[in-house]
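**Q** Below you will find the structure I want to go over with you.
Protein chains in written order, with the working numbering: chain A, 2 to 144; chain B, 2 to 144; chain C, 2 to 144.
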């Protein structure tokens, strides 16, 4: 059994942003040489998410709208205070909570060297507190 | 290590509907012959979900109520326009967003040939834009 | 390939409570001897959750606030009736729904015998209907 781990750097450009990472995941499965197994995709941050949806710009805007509706910027949060570890005020409580709702990881089967997804399933890296330099991990497990 | 993938067809009957697929998952683990490993269950659509909860009809109604409350039909959505790829108006933005909140995949350990779940954990395929012909995947990995 | 499954008992102390289980997961990976693979962490209950966030007490309060806002105690729920199987009234519909929003399972890669997480990622067991005696599972898969 092989376990091959790729750490992918990504520079986001907006406060909230859905970035289609499906082609990158597909490439890495091919690079790994794994024919049968599972691919795990996860973000390494707590103010980002990984989600799957149909790859349409209007749905990307609707997902952005949803998480801003459910976790409004103007609410009062405990995580809004001086953080000694960061040397600055924390102002990103909503980013953390939006991530908790969307989740930050997905998996898909690999069959005959190919990812098994539905025809409309697009894998998104979701920036929730950008722009920032970010990273996510793609782990390919199998034989 | 074995990786055995089953694609299960399912015909839903309602607009929103929670269908208990636990017995099917248990059967497929037994069919696979895998004794120690993990089972992965995922939907292949972006307007469905996979969730786990106690298998009670009143909770199924409460989950339906929750996602309709959090993602109301009457809100304004960007994904509400003519889609050339489908040849019709998109009217299912809420279905996509409800799926994003519930998630669309779960896993469970397999121990001595049996799925390891809590006594009250029921695996549900959740239709969010039905009725439709749907499919989900059960992948059994292990030895 | 090894699959080693640990069942961890935990006594919660509050109605809603986030308990950092990261050190326990790290210990179990070391105990397992697995060097390359994946760790799966899942709760065995339907009124608890597993979530990942930055390990700060103020964020724990904000997550608690979020799920209480999105699933208010005072709403009307179907799951609020006499349950013959339990011999008492069900009063915990909100606990079930809060769990459905947060999810109840996560995974992380294992590389060189160590869990691969982001620097700020803390794994939480989330009590949503406590205090109770609870259990979660840590499965270590790999070689």
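Where a beta carbon is used, it is the ideal one built from N, C-alpha and C, also for glycine.
Within the stretch 89-117 of chain B, note down every full alpha helix (DSSP H) run reaching 4 residues or more, in order along the chain.
**A** If we require 4 residues or more, the alpha helix (DSSP H) runs fully inside the stretch 89-117 of chain B come out as 94-103.
**Q** Assuming contact is defined by CB atoms lying nearer than 8 Å, are residue 22(B) and residue 135(B) in contact in what I supplied?
**A** Taking 8 Å as the Cβ cut-off, residue 22(B) and residue 135(B) do not qualify as a contacting pair.
**Q** Using 8 Å as the threshold, is the C-beta distance between residue 97(C) and residue 60(B) below it?
**A** The answer is yes: Cβ separation under 8 Å.
**Q** Could you tell me whether any Cβ in chain A is nearer than 8 Å to the Cβ of residue 101(B)?
**A** Answer yes: the Cβ-Cβ gap between residue 101(B) and chain A drops below 8 Å somewhere.
**Q** Which residues in chain B sit within 7 Å of residue 59(A), going by Cβ to Cβ distance?
**A** Chain B residues near residue 59(A): 79, 80 and 82.
**Q** Using a C-beta to C-beta distance shorter than 8 Å, which residues of chain A count as neighbours of residue 12(B)?
**A** The contacting residues do not exist; residue 12(B) stays about 17 Å from chain A at best.
**Q** Alpha carbon to alpha carbon, how far is residue 37(A) from residue 104(B)? Give it in angstroms, no decimals.
**A** Answer to the nearest angstrom: the Cα atoms are 24 Å apart.
**Q** Return the chain-ordered list of same chain residues with a C-beta closer than 8 Å to the C-beta of residue 84(C), the five sequence neighbours on each side being excluded.
**A** Excluding positions up to five away in sequence, the list reads 90 and 91.
**Q** Using CA atoms only, rank isn't needed, just tell me which of 120(C), 119(C), 121(C) and 108(C) is closest to residue 30(C).
**A** Answer by Cα proximity: 108(C).
**Q** Is residue 69(B) buried or exposed, if buried means 16 or more other CB atoms sit within 10 Å of its CB?
**A** Looking at its Cβ environment, which holds fewer than 16 other Cβ atoms inside 10 Å, residue 69(B) is exposed.
**Q** What does the alpha-carbon distance come out to for the pair residue 24(C) and residue 110(C)?
**A** Roughly 16 Å separates the two Cα atoms.
**Q** Pull up the DSSP beta-bridge partners for residue 40(C), would you.
**A** Residue 40(C) pairs with 109(C) and 141(C).
**Q** Quick check: the Cα distance between residue 47(C) and residue 106(B), rounded to an integer number of angstroms?
**A** Using only the alpha carbons, I get a separation of about 16 Å.
**Q** What is the rounded straight-line gap between the Cα of residue 44(B) and the Cα of residue 88(A)?
**A** The alpha-carbon atoms of residue 44(B) and residue 88(A) are separated by roughly 44 Å.
**Q** Taking Cβ positions, are residue 141(A) and residue 40(A) nearer each other than 8 Å?
**A** Going by C-beta atoms, residue 141(A) is nearer than 8 Å to residue 40(A).
**Q** Rounded C-beta distance between residue 80(A) and residue 28(C)? I'm assuming under 8 Å.
**A** With a Cβ gap of about 28 Å, residue 80(A) and residue 28(C) do not count as contacting.
**Q** Within 8 Å (strictly less), CB to CB, does residue 52(C) reach chain A?
**A** Yes, because at least one Cβ of chain A sits closer than 8 Å to the Cβ of residue 52(C).
**Q** Which same chain residues end up closer than 8 Å to residue 94(A) when comparing Cβ atoms and leaving out the 5 residues on each side of it in sequence?
**A** Counting only Cβ-Cβ distances below 8 Å, and skipping sequence neighbours, we find 78, 79, 80 and 81.
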